[in-house]
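Peer 1: Numbering of the sequence shown is given in the numbering used here, commencing with residue 165 and proceeding in unit increments.
A virtual CB, placed ideally from N, CA and C, is assigned to each residue, including glycine.
Since the model is a prediction, treat every value here as computed from it, not as a measurement.
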Amino acid sequence: MAATRTQDIPATVQQVQLLEKAGASLVRIAVDSIKDVKALIEIRVQTVVPISVDLQENWRLAKLVAPYVDKIRYNPGHLWHHEKQMSTRGKVAFIAEQAEKHGCALRVGVNCGSVDPEVAERYDPSDSISAIVASALEHSEILDKLGFTRYCVSLKDSDPKKVVEANTRFAQLRPEVPLHLGVTEAGLPPKGVNKSRFALGKLLSMGLGETLRISLTVPPELKGMEIEAGSQLIEDVVNGLSLPILESGLNIISCPSCSRVENEAFVELTKWVEENTQFAKEYDVTFAVMGCRVNGPGETDHADIGAWCGKTHVNLKRGHKLIGQFTYEDVRPRIIEEAEKLIELYNKKRNLFTLIL
Ligand code: SF4
């Protein structure tokens with residue numbers, strides 16, 4: 165996926181070409197506005213690799229982008245934001261009609277951090293896997309009933325074990341639907357590569373998955389690493405090489421960035437968090453760093469400490485609770501302070517547990 169701003173046409177063309185040169189057979193670009201659509205049309209003219217667009221809330225843009233792209237990815241969890249009076253089925257019918265008219269494929273991209281609220285409320289909050297599987301099944305059924313056949317489904321989570329379980333469960337129920345595989349917010353390399361190799365390697369070895377993406381938090385000029393890691397994984401699975409085990413302890417999840425990143429300092433902040441929270445490395449805690457307000461608030465909700473990055477400020481959270489907004493500099497000591505408090509609490513609970521035993 166292009167990590168550059170879509171409206172920065174020269175940078176995005178360069179990004180698409182870099183990914184193609186690294187071996188990508190499909191490049192995804194985020195489109196959120198009419199201005200993005202205009203830029204996309206120019207990017208299409210200047211590039212040759214097949215292009216997929218990523219629509220989040222603005223599903224009506226499918227009509228404008230479909231003539232220029234090969235695939236449209238929509239997220240079932242983002243359809244409810246606009247035109248609330250219209251049914252989900254009506255919105256999917258609109259997207260499918262545009263895709264059909266212009267020979268595009270669709271990807272139903274279900275993501276753990278933004279599950280359709282109507283589906284999520286049917287399940288216990290601790291059972292996120294059932295919710296994402298149900299959402300993927302529901303949208304497959306809608307497309308089937310509409311007679312649209314050129315679609316695939318992805319069920320992504322930042323937890324590699326959940327990715328394995330969600331995809332396995334979906335494939336048992338709908339074995340004929342093609343799967344796009346990925347661990348979302350896998351984070352910085354090399355740990356991000358390991359998480360993806362663990363989950364995607366398992367699924368590929370089971371014969372599941374038609375396409376895949378490795379998501380890494382790296383700046384645009386290093387995005388070729390994602391393709392190299394994906395190609396290496398496929399080669400290793402084909403050759404029967406053993407795959408990594410998952411490391412326990414401190415887990416840092418962070419988004420791979422896209423056109424929606426509000427401040428590129430977010431990648432540096434993520435690296436800084438990893439380097440400066442090593443005192444917590446033995447503890448099973450999760451820190452999340454996200455690059456924008458579209459997915460940032462939802463996708464930091466399940467972390468022990470979350471930071472979603474805006475243009476000038478970072479929103480620091482403990483679970484669902486917002487601690488405050490800080491500048492990119494001021495947030496650093498606050499993250500350490502929160503991490504220390506978390507570890508202290510963790511130790512107290514552990515000591516209490518030992519005393520009771
Ligand atoms: S969190 Fe925002 S910036 Fe990061 S990949 Fe997702 S949409 Fe893009």
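Let me know the secondary structure DSSP gives residue 389 once reduced to three states.
Peer 2: Residue 389 sits in a helix when the DSSP states are folded into three classes.
Peer 1: As a quick exercise: from 463, 492, 517, pick the residue whose alpha carbon is nearest that of residue 432.
Peer 2: 492
Peer 1: Could you tell me if the beta carbon of residue 216 falls within a distance shorter than 7 Å of some heavy atom in the ligand SF4?
Peer 2: Checking every heavy atom of the ligand SF4 against the Cβ of residue 216, none is found closer than 7 Å.
Peer 1: Which value, in whole angstroms, describes the spacing of the CA atoms of residue 240 and residue 434?
Peer 2: 28 Å
Peer 1: Residue 309 by DSSP, collapsed to three states: which one?
Peer 2: In the structure shown, residue 309 sits in a helix (DSSP, three-state: H, G or I).
Peer 1: Do residue 453 and residue 471 have their C-beta atoms closer together than 8 Å?
Peer 2: yes
Peer 1: Going straight from the alpha carbon of residue 173 to that of residue 203, what length do you get?
Peer 2: 6 Å
Peer 1: Spell out a yes or no on whether the stretch 343 to 350 and the stretch 371 to 380 are touching, meaning 3 or more CB-CB pairs, one atom from each, closer than 8 Å.
Peer 2: Verdict: yes, contact present.
Peer 1: Tell me where the alpha helix (DSSP H) around residue 481 begins and ends.
Peer 2: Taken as a continuous stretch (DSSP letters only), residue 481 belongs to no alpha helix (DSSP H), being part of the beta strand (DSSP E) at 477 to 482.
Peer 1: Measuring from the CB of residue 389, is there a heavy atom of the ligand SF4 at a distance below 7 Å?
Peer 2: no
Peer 1: With H, G and I counted as helix, E and B as strand and the rest as coil, what does DSSP make of residue 237?
Peer 2: strand
Peer 1: Under a three-way DSSP split, which group does residue 287 fall into?
Peer 2: If DSSP states are grouped into helix, strand and coil, residue 287 belongs with coil.
Peer 1: From residue 298 to residue 488, what distance separates their C-alpha atoms?
Peer 2: The alpha-carbon atoms of residue 298 and residue 488 are separated by roughly 34 Å.
Peer 1: If I'm right that residue 334 touches residue 301 with Cβ under 8 Å, what's the distance once you round it to whole angstroms?
Peer 2: 7 Å
Peer 1: With DSSP collapsed to three states, give me the class of residue 467.
Peer 2: coil
Peer 1: Within 10 angstroms of the Cβ of residue 384, are there 16 or more other Cβ atoms? Answer buried if so, exposed if not.
Peer 2: buried
Peer 1: Unbroken alpha helix (DSSP H) runs of length 4 or more, entirely within the stretch 372 to 425: which are they?
Peer 2: 388 to 402
Peer 1: Exposed or buried, what is residue 390 when buried is set at 16 or more other beta-carbons lying within 10 Å of its beta-carbon?
Peer 2: buried
Peer 1: Given the structure, does residue 461 come close to the ligand SF4, in the sense that its CB is under 7 Å from one of the ligand's heavy atoms?
Peer 2: no
Peer 1: Within the present structure, is the beta-carbon of residue 420 separated from the nearest heavy atom of the ligand SF4 by less than 7 Å?
Peer 2: Yes, since a heavy atom of the ligand SF4 falls inside the 7 Å radius drawn around the Cβ of residue 420.
Peer 1: Determine the direct distance from the alpha carbon of residue 413 to that of residue 360, and round the result to whole angstroms.
Peer 2: 17 Å
Peer 1: Taking 8 Å as the cut-off, decide whether the C-beta atoms of residue 416 and residue 451 are in contact.
Peer 2: yes
Peer 1: Thinking just about the alpha-carbon of each residue, which of 234, 329, 186 is nearest to the one in residue 131?
Peer 2: There is no way to answer for residue 131, as the model of the chain reaches only from 165 to 521.
Peer 1: Measuring from the CB of residue 454, is there a heavy atom of the ligand SF4 at a distance below 7 Å?
Peer 2: yes
Peer 1: Could you tell me whether the Cβ atoms of residue 320 and residue 327 are closer together than 8 Å?
Peer 2: For residue 320 and residue 327, yes; Cβs fall inside 8 Å.
Peer 1: Which two residues bound the contiguous alpha helix (DSSP H) that contains residue 369?
Peer 2: 355 to 369
Peer 1: According to DSSP, is residue 216 part of a helix, a strand, or is it coil?
Peer 2: strand
Peer 1: Given a threshold of 16 other Cβ atoms within 10 Å of its Cβ, counted over all protein chains shown, does residue 459 qualify as buried or as exposed?
Peer 2: buried
Peer 1: Tell me which residue opens and which closes the alpha helix (DSSP H) that residue 186 is part of.
Peer 2: 173 to 186
Peer 1: By the DSSP assignment, the beta strand (DSSP E) with residue 434 in it spans what residues?
Peer 2: Unbroken run through residue 434 is the alpha helix (DSSP H), 429 to 440; no beta strand (DSSP E).
Peer 1: Give the range of the beta strand (DSSP E) segment to which residue 169 is assigned.
Peer 2: That residue, residue 169, is in no beta strand (DSSP E); it is neither H nor E in DSSP.
Peer 1: The beta strand (DSSP E) with residue 443 in it runs from where to where?
Peer 2: Looking at the DSSP string, residue 443 is not in any beta strand (DSSP E), and its letter there is neither H nor E.
Peer 1: Per the DSSP calculation, residue 523 is bridged to which residue(s)?
Peer 2: A question about residue 523 goes unanswered here, because the residues of the chain that appear run from 165 up to 521.
Peer 1: Do we get a CB-CB distance below 8 Å when we pair residue 358 with the residues of chain C?
Peer 2: Looking at the structure shown, chain C is missing, and only one protein chain is on hand.
Peer 1: Suppose you measure from the CA of residue 502 to the CA of residue 441; what does that come to, to the nearest Å?
Peer 2: 11 Å
Peer 1: How many angstroms separate the CA atom of residue 420 from the CA atom of residue 464?
Peer 2: 14 Å
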